[in-house]
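The block underneath contains the structure these notes are about, expressed in structure tokens.
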Amino acid sequence: MQHMMAKLRRWLHPQAPSPDEHAPYRIFTRAHDKIVPADQLDTVLGGLSAIDRIHFDKACRTFDGALSEWRTKAQLAALEASNHVRNALSDKARSDTVVTILVDHSGSMKGQSILLAAAAAEVATDFIRILEHCG
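Taking UniProt numbering, the leading residue of the sequence shown gets 1, the next gets one more, and so forth.
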């Protein structure tokens, strides 16, 4: 029974691997991060082929239509939340704040997952714009 409990404890509370175990990658390292401004993404990722562009545009139109109600609700919530943020923070505190949106684009983020992440990033960006331009 003690053996089972110890096994369960290890499973529930795993220890981080030693730095040499998975070298050169380490948990929470920034060594493999690459920061690319949005206007330069095509230079890093490469452009889409003509057929991929057609499929991408069609998927965007379909996705935009499906998310329009959700996006409207999110934007209304962002307007309300922005009033709370403006009341809680000074103009200086808001102007000194930096926001970074990090989007995982690993293999698990294919299809609907990456589209939902993109929609959430869009709503977050809209919220930030509201904070910048109102008040």
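Backbone N, C-alpha and C fix where the C-beta goes; we use that ideal spot for every residue, glycine too.
(request) Report yes if the CB atom of Val99 is closer than 9 Å to the CB atom of Ile128, and no otherwise. (result) What you label residue 99 is simply residue 99 of the sequence shown in a count that begins at 1. What you label residue 128 is simply residue 128 of the sequence shown in a count that begins at 1. In this structure, Ile128 lies closer than 9 Å to Val99 by Cβ.
(request) For the alpha helix (DSSP H) containing Ala81, list its first residue and its last residue. (result) Within the sequence shown, numbered from 1, the residue matching residue 81 stands at position 81. Per DSSP, Ala81 belongs to the alpha helix (DSSP H) from 50-88.
(request) Answer yes if the stretch 63-74 comes into contact with the stretch 113-128, meaning at least three C-beta pairs across the two stretches below 8 Å, and no otherwise. (result) yes
(request) Check the C-beta distance from Ala78 over to Asp126 and give it rounded, since I have them as a contact under 8 Å. (result) To locate residue 78, count along the sequence shown from 1; it is residue 78. To locate residue 126, count along the sequence shown from 1; it is residue 126. Their Cβ separation, rounded to whole angstroms, is 6 Å, which keeps Ala78 and Asp126 in contact under 8 Å.
(request) Would you identify the three-state DSSP class for Val98, choosing helix, strand or coil? (result) Walking along the sequence shown from the start, residue 98 turns up at place 98. Val98 falls in the coil class under three-state DSSP.
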